[in-house]
Amino acid sequence: MLLSSCSSQIETTHCPGIPPVLLGHLDKTAFKGRTYGDVTQYAVILKRERDMCLNRIDKIRDWQVELHK
Numbered sequence: 027m028l029l030s031s032c033s034s035q036i037e038t039t040h041c042p043g044i045p046p047v048l049l050g051h052l053d054k055t056a057f058k059g060r061t062y063g064d065v066t067q068y069a070v071i072l073k074r075e076r077d078m079c080l081n082r083i084d085k086i087r088d089w090q091v092e093l094h095k
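If you use the numbering used here, the sequence shown corresponds to residues 27 to 95, in order.
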């Protein structure tokens with residue numbers, strides 16, 4: 027008895043991985059302040075770190091678009 031799923035050749039497709047440079051670790055700055063001024067400075071730091079993450083996400087999305095052209 028033959029199984030129909032095994033009767034045909036398997037088609038292998040190569041899917042390239044995400045470039046390692048886009049998956050590198052990003053540091054998260056710890057909050058060590060005590061004043062409202064420290065909070066505002068920390069907010070600026072977090073915004074910069076968030077922008078770096080969003081930039082990487084955009085690059086991964088661009089990479090996916092290029093991959094499927």
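Ideal Cβ placement from N, Cα and C applies to all residues, glycine included. Bear in mind the structure is a predicted one, so any value in this text is a computation, not a measurement.
The alpha helix (DSSP H) that contains residue i, what's its start and end?
i     : result
Lys73 : Tyr62 to Leu93
Please state if the CB of residue j and the CB of residue i are separated by a distance shorter than 8 Å.
i     : j     : result
Glu75 : Leu49 : no
Gln93 : Pro42 : Before going on, a small fix: residue 93 reads as Leu here, not Gln. Yes, the Cβ-Cβ distance between Leu93 and Pro42 is below 8 Å.
Within its chain, find whatever has a CB closer than 8 Å to the CB of residue i; leave out the 5 residues flanking it on each side and keep chain order.
i     : result
Trp89 : Ile44, Pro45 and Leu48
Gln67 : Gly59
Ile86 : Ile44 and Leu48
What is the C-beta distance between residue i and residue j, in whole angstroms, given that I count them as a contact (C-beta under 8 Å)?
i     : j     : result
Ile71 : Thr55 : 5 Å
Just to confirm my understanding: we take residue i, look at its own chain, exclude 5 residues before and 5 after, and list those with CB closer than 6 Å. What are they?
i     : result
Arg82 : Leu48
Arg62 : The sequence shown places Tyr at residue 62, rather than the Arg named in the question. For Tyr62, where only same-chain residues beyond five positions count, there are no Cβ hits under 6 Å.
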